[in-house]
Each structure stands twice: as C-alpha cells, then as structure tokens.
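Chains as they are written, first to last, in our numbering: chain A, 6 to 310; chain B, 6 to 310.
Number of protein chains: 2
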Amino acid sequence: MSGTDHTIGYEDSKIYEFTPDLEAALTVESGDSVTVETADSLEGAVMDDDEVLESVPEEVNAATGPIAVAGATPGDLLAVHIDDIRITEPAGRVVTIDGFGLLDGHENVESPRSKMTPVDDGTLSFDDLEVPVDPVIGTIGVATRDDEEGYSTLIPHDHGGNLDTTDITTGNTVYFPVFQDGAMLAMGDCKAVMADGEMCGTGSEIATEIDVTLEVVSDPAVALERPLVETDDAWKPLASAETLEEACELANQDAIALLAAEHGFDDTEAYMFSSLVGGLEISQVVDPLVTVRNAVPKAYLSEPF
Amino acid sequence: MSGTDHTIGYEDSKIYEFTPDLEAALTVESGDSVTVETADSLEGAVMDDDEVLESVPEEVNAATGPIAVAGATPGDLLAVHIDDIRITEPAGRVVTIDGFGLLDGHENVESPRSKMTPVDDGTLSFDDLEVPVDPVIGTIGVATRDDEEGYSTLIPHDHGGNLDTTDITTGNTVYFPVFQDGAMLAMGDCKAVMADGEMCGTGSEIATEIDVTLEVVSDPAVALERPLVETDDAWKPLASAETLEEACELANQDAIALLAAEHGFDDTEAYMFSSLVGGLEISQVVDPLVTVRNAVPKAYLSEPF
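In structure tokens:
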C-alpha cells in the first residue's frame, strides 16, 4: 500500500481521448494524494522481442482516470505534484513502427522491431549496457476546452496529453490550465527511461504506479494557456505544435509572459532576457504534434501564482 | 600575456566567409596553443542603448583567422580545446533587429532595440538582474568542402560557422572535419551569456580573448561529416539545416553512427538506444540555418577516435 488517500486502477477506468465532457471515475479534494496505476502504452501487446507492431494501434497510451478535483473551475490551475513513480513489471519495451519515429523510412532503420529492456533494482538493461531507471509520465492531461472536439491520447496540446517530457518525473510539479469543472486529470504511457526527443518513437514503455498530490490553484496571478513544469531549479512552459519552430515560439512567448509579470519588463525586454538564460529544450519530435519547453531558471523567476 | 604559443588579433586578420580556399594568417603546429582576439559580432556598432541596427549588417560575425595547423589534411579531424575565454570590454549588448529573431514581427516585440549589459567581475547585469558570466564562442569553423562556394559567417553548416551553441565554452573540445589542408580555423562572435535557442537573435555580444589548443587527429576511427562537441559528461554531434526537424534527423544519425561503432549495434538498435539516454538539444533557432545537437552521455560512449 502506498499510503495515499485514494487509488485508481487502469482496469477501473481509462480513456483514449481527452475531450471537454469527460466524466469522473474518482472525485478527490484539493490537497488529496492519489495512487494511479498505469499500463504500458501498448497495453501488453509487446511482451517479447518477437512481438512487433505493424502499425500504431488505434487506441494507444491508455490514460488512467479521469480524476475530478472538487472545486476546480475554468480559469483555475491544477497542480500535480509527482511524489513517486514505481515500476510494476519486470521489463519495458522499445519499439519501431512503420510510419512513426524521427528516422521513419530511412534505409538503415528497420521497422517494425521490438526490444525488451529488463528492469531490476533501479537499473535497466539494454544488451550489456546498464541505464539508471528515471521514470517519465508520457501522457498526462485534463479535459479540453469547450470549443475543442478532443484529442486522442497520442496527441499533446494545451490540455497536456502526450507531452513525452523527461521533466514530468518524480519530485517535479506540472501545472495545467483548468478548462472544465473538476479538471478531469488522467495519466499513463510511462517510460522507465527516455531521451529528450524520444527519437525512435518510444522510450522504454512500462507499467507503473504513480503517487501524485493534487492541488487547485484558484485565481492565479498569472493565467496559463498551456502546461508548465516546475523542476528543482527552473520553471518550464511547455508548448506543442505542428512544427518545432512553432512550438518554440509558443514556449518562448509563455516564458516572456512570466518574466514580464515578475520583473515589470515590457515584452521586448523579457524576450531579450529570455535569450540570455536557460532556454529552449526539446521534449519530443515524434508525436502528431511536437513538444518544446522553455526553461527559465528559478534564480530569475519565483513562484508565479 | 596569456602564455600561449601564438597570438592572433582581430585587427590582424578576419574573415566574413568560410570558403574552400582560405589563406592562412598564422600557421601553427599540432599541439600548439593560440590566443585569439575577437571583436563583438557587431564590431562596435552598438555601444549604447540608443544605437540600434535597422538591418543585419552585410558583414557580421567577424571571425579571427584563418589559422592553419600544419599537417592537417582532408579526412583528418581538428580538435579545438577551449582553454579559456576572457571578456575584454566592460559591456556586451543584446539587440533585436527587424527580420531577425524567433518572434520577429510579433506585435509586442519591438525592433530595432539595443540594450547594453555591463559585465564586472564575472557578473553580467540586465537591469537589476545579475547573471553569472558563462562565455560562448558563437562562430567557429574551418574551410569548407571543395564543392561548396562558401558560407557567410552568419550561417552554420558542416564546417561549423555560426553554430551559436552554449556548449562551445571553456573546458570543452570541438572536433571539426578537415576539408582543406591546414584546416584553416577561424572564430569570433562571442557572448558573455546566451540561452539555448538564442531567441531574440543574440546573446550578450562581447569582445574576448580566447585561448585554444589545437590538435590534428589523423586517421580517426570514426569519420565526421559535421562538428562534434565534447563536454565533461557527453559527446554531442552538431547539425545545422533549414528546419529543426531536419537538423534533429542529422544529429540523431550522427549519434547513431557513434553508438553503432562502439557497441556493435546495427543502426536500428543504436537508434532505439539513442531514444533512451541523453537526447536532442537546441543550439539556436534564429540563424539562416538552425542548429541542434544530440547528447550521448559518456557513460555509454567512450572517446570515438
């Protein structure tokens, strides 16, 4: 037992689409902690190197939830503090799939292919190479805006979703804009390890139990249109778009807004300052929209809310 | 005096274009150290907040050199060990210029604008904010391939040039492919500080003295087509292209080649492993070609040459 206030299992309730009208499978109070059980993103379809995927499954990245947080209303923020991520199966898997991945179609890249990567005592094995386990929550998000039809859990956007961001890990906090009453949080698609970029299309996809503490931030001093990650030493707005260039523009605009609000800069001064410290980081380059973050060191930006 | 074997001044010899047929202003032996004096990228055109640039100057990023390294021949590598970068003027400048920068043309961004950023005792001031100086060499490269006309010093490509990469700093080593006898190294365009991305189009542009030690690597075990940076804890192939996506593909292919050579992986295995550790990083998104690097931690890749 994890000692959290609630537990929600992947078999209890999962979604494959973030929409405006999600219905809660669990309702909690602001300040409550929840244990969320997640399946691997391929839900057990690959358990051996010989099991390969001919195409991206129609339903992929099952997200456990939705979890309603009482009192969350549009205009608020939902803070998701990631307290722990525990691996719950003995191996993850890395796959290539035709039509997917940064080097899809290159002549030396074979797809489909699968490779199991055993995990033991905090260490992942890739052949003889040993990599420290450093889990990432790949898909995490909330119900979408009223005017949106919804996004499959393969897509990242302003509500979160398939952000595939290495900073979404134990010890960090992700802030989401609340678009619907209760926020309606769901998450899944964890990796035992993942590189910035997620080039082949996956990390080491693996089942987990995640402990989070959920907190509603009412009347925030700065509004968010997109997710924001807080790490030990930086604030990082996250933006997803069709191209990396567009995502960079959005993430930089969000960083500028935070810097301008704190320091009384006009936007041009904040833009100039953003060009000096921290900077743009790649989350992933393989999903239907790509994701970038703009790190602003905490030395220059305090808690914005 | 710096105690290096040679000194070359910006007033002695500078270039604005990397071409196949550069003529040496200084010739040194492999293993020699050189002090290279550089002007700020705008060569003193902005010395005050009131001095603004209506357009990018036709000649910009003056690179001090070329320096021939005796014995360097095509197929070799030139290792540039960056021993020290000393600031040689009391302030750098950050500028916006019409037609340049990530948010060029956005309604809240004013251009042209200039802002001087004083530097004193290792600290840069931006209004009341203090930022530790962490110098970057913006433009550094060698003579280009025979079949290329040449690249202005505003452009990054396989020869290096305007790479604007924060890892090109004191303590690190940059490896360049040698395309012409003597390699013909030149450098300039330093920044007192710069963010990954260089969003507004500049860091804090400033004059410096750089100490480098130059070394020819003959018959390298792995050939390079593009620059590679060695940091304390990673090897980072650097790639420049029209779009960030294309640059990511090239940098990832270079990382895959290094991993495959060391571990006996086929390209697909190396691609999968590259998707688990280190990852893609943004150097700059504002020059005529954009630049990305793919970090491979030294834990998984030893000296490749």
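Ideal Cβ placement from N, Cα and C applies to all residues, glycine included.
Cβ-based neighbour list, residue i, same chain, cut-off 8 Å, excluding 5 preceding and 5 following
i, result
"B/V183", "A77, T78, P79, G80, D81, L82, L83, V147, V221"
"A/Y276", "N257, I261"
"A/E59", "I102, D103, P117"
"B/K120", "D54, R98, V99, V100, F131"
"B/D271", "A265"
Interface flag, residue i vs chain A, CB-CB below 8 Å
i, result
"B/A200", "yes"
"B/K19", "no"
"B/K303", "no"
"B/G283", "yes"
"B/T101", "yes"
"B/C195", "no"
"B/V136", "yes"
"B/T40", "no"
"B/E254", "yes"
"B/N177", "no"
Under the three-state DSSP convention, the category residue i falls into
i, result
"B/E223", "Inspection of the sequence shows that residue 223 of chain B is occupied by Ser rather than by Glu. It is coil, neither helix nor strand."
"B/L263", "helix"
"A/A191", "strand"
"B/A304", "helix"
"A/L249", "helix"
"A/V257", "Strictly speaking, residue 257 of chain A in this sequence is Asn, with Val absent from that position. Helix at A/N257."
"A/H86", "strand"
"A/H268", "helix"
"B/P232", "coil"
"A/N113", "coil"
"A/L314", "As displayed, chain A neither begins before 6 nor continues past 310, which places residue 314 of chain A out of reach and without an answer."
"B/Y156", "strand"
"A/A244", "strand"
"A/A75", "coil"
"B/G206", "coil"
"B/D216", "strand"
"A/L129", "strand"
"B/N299", "strand"
"B/A197", "coil"
"B/S18", "coil"
"B/P161", "strand"
"A/T69", "strand"
Continuous alpha helix (DSSP H) stretch holding residue i: start and end
i, result
"B/F278", "272 to 279"
Closer than 8 Å to chain B by CB, residue i
i, result
"A/I92", "no"
"A/N363", "The structure shown does not extend to residue 363 of chain A, since chain A spans only 6 to 310, so no value can be given for it."
"A/D311", "Residue 311 of chain A is absent from the model: chain A starts at 6 and stops at 310."
"A/L243", "no"
"A/M277", "yes"
"A/S209", "yes"
"A/V290", "yes"
"A/R298", "no"
"A/D287", "As written in the sequence, residue 287 of chain A is Ile, which differs from the Asp given in the question. Yes, A/I287 lies at the interface with chain B (some Cβ there is under 8 Å from its Cβ)."
"A/L83", "no"
"A/L47", "no"
"A/S130", "no"
"A/R118", "yes"
Same chain, Cβ closer than 6 Å to residue i, neighbours up to 5 away in sequence not counted
i, result
"B/P309", "V227, L263"
"B/H164", "F23, G146, V147, T149"
"A/T9", "S38, V39, T40, D216"
"A/V114", "L108"
Proximity test, residue i beta-carbon vs the ligand ZN heavy atom, cut-off 7 Å
i, result
"A/H11", "Ligands displayed in this structure: none; no statement on the ligand ZN is therefore possible."
Bounding residues of the beta strand (DSSP E) (the contiguous stretch that carries residue i)
i, result
"A/F181", "178 to 182"
"A/R98", "96 to 101"
"A/A50", "Segment: none, A/A50 is in no beta strand (DSSP E) and carries neither H nor E."
"B/Q289", "284 to 289"
"B/L31", "31 to 33"
"B/H11", "11 to 13"
"B/V39", "38 to 43"
"B/G104", "Counting along the chain, B/G104 falls outside any beta strand (DSSP E), and DSSP gives it neither H nor E."
"A/G143", "141 to 146"
"A/L58", "Note, A/L58: premise wrong, no beta strand (DSSP E); not H, not E."
"A/L134", "134 to 137"
7 Å Cβ shell around residue i - same chain, five flanking residues per side excluded
i, result
"B/D292", "L159, I160, P161, N167, D169"
"B/E34", "A75"
(request) Inspect the CB distances between the region 94 to 110 of chain B and the region 249 to 263 of chain B and report whether three or more fall short of 8 Å. (result) no
(request) Check whether the region 134 to 143 of chain A touches the region 169 to 176 of chain A, taking contact to mean three or more Cβ pairs, one atom from each stretch, closer than 8 Å. (result) yes
(request) Tell me, please, whether the region 256 to 272 of chain B touches the region 256 to 275 of chain A by the rule of three or more beta-carbon pairs shorter than 8 Å. (result) no
(request) Report yes or no: do the region 228 to 248 of chain B and the region 185 to 193 of chain B share at least 3 C-beta pairs separated by less than 8 Å? (result) no
(request) Report yes or no: do the region 123 to 133 of chain B and the region 90 to 100 of chain B share at least 3 C-beta pairs separated by less than 8 Å? (result) yes
(message) For the structure I just gave you, are there three or more beta carbon pairs, one from the region 151 to 160 of chain A and one from the region 21 to 36 of chain A, closer than 8 Å?
(response) yes
(request) Determine contact between the region 276 to 288 of chain B and the region 272 to 288 of chain A, defined as no fewer than three beta-carbon pairs at a distance below 8 Å. (result) yes
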